[in-house]
Amino acid sequence: MRQALTLLALACLLPLPALADIPQSRNTQCFQVAARGKIGPARPCRAEAVDSAPRPNLPDTRSLRYQIGSRSYQFSADYDAERQSWQPSYQGQPLTVYYRSRAFRRLAADGAAARYVCFRAPGVHFCSRKLPAPFW
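All the letters of the sequence shown, read from the start, carry residue numbers -20 to -1, 1 to 116 under mature numbering (1 follows the signal peptide of the UniProt record, and there is no 0).
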């Protein structure tokens, strides 16, 4: 009995697999945003997210890829420890991530009313239904 307890205690100390490094995919709907904020019709799209597992001396990184028709958008975000916030980017340029309500009204922050997450960078502006973590 004592040996079984010792083995169980040792098993608890073993590192768990880095589930954060496993890509997670979801089918959803995306909406292109035209000039002046006009929302286009819903189109099927696929989202794939990967969060890096914490590693010593390396920044935490998140990546998100959206496939909308034949176009693919690859976003990434690095954690800035000084600001204690994520710094998203698209092709090396800053990416603005914001939220909209069910009626597509722009929200000041993520919250219970947020139904859509939107991404804006030079040449890219679309919204997607808000998905659970690890999607952002």
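Heads up, the beta-carbon is just placed ideally off N, CA and C, and yes, glycines get one too.
Remember, it's a predicted structure, so these values are computed and weren't measured experimentally.
The shortest CA-to-CA distance from Q73 to any of G91, A89, V104 is the one to V104. Within 10 angstroms of the beta-carbon of R80 lie 16 or more other beta-carbons, which makes it buried. Approximately 7 Å separates the beta-carbon atoms of Y70 and Y53; this is inside 8 Å, confirming the contact. In this structure, the alpha-carbon of A93 lies about 14 Å from that of P112. Annotation: R85 to P24 spans about 21 Å, alpha carbon to alpha carbon. Looking only at P102, R109, P114, the smallest Cα-Cα distance to A15 is reached by P102.
Cβ contact annotation for E28 (same chain, cutoff 6 Å, sequence separation greater than five): P3, S5, R45, in chain order.
Around the CB of A57, 16 or more other CB atoms lie within 10 Å, so the residue is classed as buried. Per DSSP, E62 lies in no beta strand (DSSP E) and is assigned neither H nor E.
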